[in-house]
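Engineer: Handing you this structure, nothing more for now.
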Ligand SMILES: Cc1ncc(C[n+]2csc(CCOP(=O)(O)OP(=O)(O)O)c2C)c(N)n1
Ligand SMILES: [Mg+2]
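Residue numbers (this note's numbering): 36 to 358.
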């Protein structure tokens, strides 16, 4: 399957991007925090591989990988992280607030579960417009106890909306383990309460993710309503820059490192002869070059002017913020 090499290309790009962002945050080139996606690459890659450009996604605070997998330009993502004008939101959104409607990316979101009602509304708009698009709504295990999660799933099931809810269960919401927050072994069972079909998949296996999400997307596109996918995975970095990872053990981390989705896919490709060792190092070089190009681009892009802070604001009539 030649597309497996493409998946590896995307996953390597995400991994190298996130490792570079980690350094740039430490060096102070990227201000504030960032939530890195390393370890979870197979989820975004397998999922977006079954979507067309016109299909929608909504993303989370841990959204760089979703954006790259949906076809985002790493130069403009990096420039946004730097707060520069060539970023996707002219440097005003930063790591947690990026969107590109032209590729169906409706936005990352700093509010836990905040993308869920937006995605559900987008799915309703698809149904009302009678198009053949589908929405995939990414969120974490921490979102399944938000009230809006339940309200949205109920409506989506009732109205048979074309949406796939994709829960990335990486076992922790900040420092809270999922088993201390939810009395279920599989979070996919949450969907049963809404009579919504559901599945749990190994989120570190890109082929398994593609298969399960592919079926869910086909169903939704054919008018058979929503589906809930739980992808079990693990984030390799801490929650965000200040996390000392005191709530989980180094042994647990090592167990998940052994299930690294990139090493697994590389292994399969090398064993089956679909990729040679030289081919693999060429892919590695390509990812590094692309990321370094993005860093150069972000460094050379100008900062927005102070006046630009007052542009692009939405202020309802009669409620002007300026005297
Ligand atoms: C409504 C709301 N409550 C709390 C927070 C603070 N917060 C930021 S990320 C996060 C954890 C999210 O965990 P999860 O959904 O599992 O995603 P992960 O970080 O594991 O990818 C929390 C509680 C927030 N951003 N929004
Ligand atoms: Mg989590």
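Heads up, the beta-carbon is just placed ideally off N, CA and C, and yes, glycines get one too.
Rounded to whole angstroms, what's the CA-CA distance from residue 315 to residue 323? Just pull it up for me.
Structural biologist: 13 Å
Engineer: For residue 93, which three-state DSSP category applies?
Structural biologist: Strand, per DSSP.
Engineer: Report yes if the C-beta of residue 176 is less than 7 Å from at least one heavy atom of ligand 2; otherwise report no.
Structural biologist: yes
Engineer: Put residue 264 into one of helix, strand or coil per three-state DSSP.
Structural biologist: strand
Engineer: Report all residues from its chain with a CB closer than 6 Å to the CB of residue 105; omit the five preceding and five following residues, and keep chain order.
Structural biologist: 83, 92, 138 and 140
Engineer: Less than 6 Å between C-beta atoms, sequence neighbours within five positions excluded: which residues of the same chain meet that for residue 275?
Structural biologist: Within the same chain, Cβ atoms closer than 6 Å to the Cβ of residue 275 are found at 68 and 70, the five residues on either side in sequence being excluded.
Engineer: Reducing DSSP to helix, strand and coil, say where residue 201 ends up.
Structural biologist: strand
Engineer: Under 7 Å: does the beta carbon of residue 432 sit that close to some heavy atom of ligand 1?
Structural biologist: A query on residue 432 cannot be resolved here, the shown segment of the chain reaching from 36 to 358 and no further.
Engineer: Could you pull out every residue in the same chain whose Cβ sits closer than 6 Å to the Cβ of residue 153, ignoring the five residues on either side in sequence?
Structural biologist: Contacts found: 93.
Engineer: In the structure shown, what three-state DSSP assignment does residue 207 receive?
Structural biologist: strand
Engineer: Are the CB atoms of residue 249 and residue 85 within a distance shorter than 8 Å?
Structural biologist: yes
Engineer: Tell me the rounded alpha-carbon separation between residue 352 and residue 345.
Structural biologist: 16 Å
Engineer: For residue 167, collect the residues of the same chain with a Cβ closer than 7 Å to its Cβ; drop the 5 residues on either side in sequence, then sort them by chain order.
Structural biologist: 256
Engineer: Going by beta carbon distance, what residues of the same chain come within less than 6 Å of residue 177, once the five residues before and after it are set aside?
Structural biologist: 147 and 208
Engineer: Please list the segments of the alpha helix (DSSP H) lying wholly inside the region 223-260, counting only runs of 4 or more residues, in order along the chain.
Structural biologist: Unbroken alpha helix (DSSP H) runs of no fewer than 4 residues, entirely contained in the region 223-260, are found at 241-256, following chain order.
Engineer: Tell me the residue span of the beta strand (DSSP E) that contains residue 172.
Structural biologist: 170-175
Engineer: Using only CA atoms, which one of 65, 155, 80 and 298 lies nearest to residue 45?
Structural biologist: For the residues 65, 155, 80 and 298, the minimum Cα distance to residue 45 belongs to 80.
Engineer: Looking at C-beta atoms only, is the number of pairs between the region 179-199 and the region 254-274 that lie closer than 8 Å three or more?
Structural biologist: yes
Engineer: State the start and end residues of the unbroken alpha helix (DSSP H) segment that holds residue 105.
Structural biologist: Neither: residue 105 is in no alpha helix (DSSP H) and is coded neither H nor E.
Engineer: Just to confirm, is the Cβ distance from residue 288 to residue 204 under 8 Å?
Structural biologist: no
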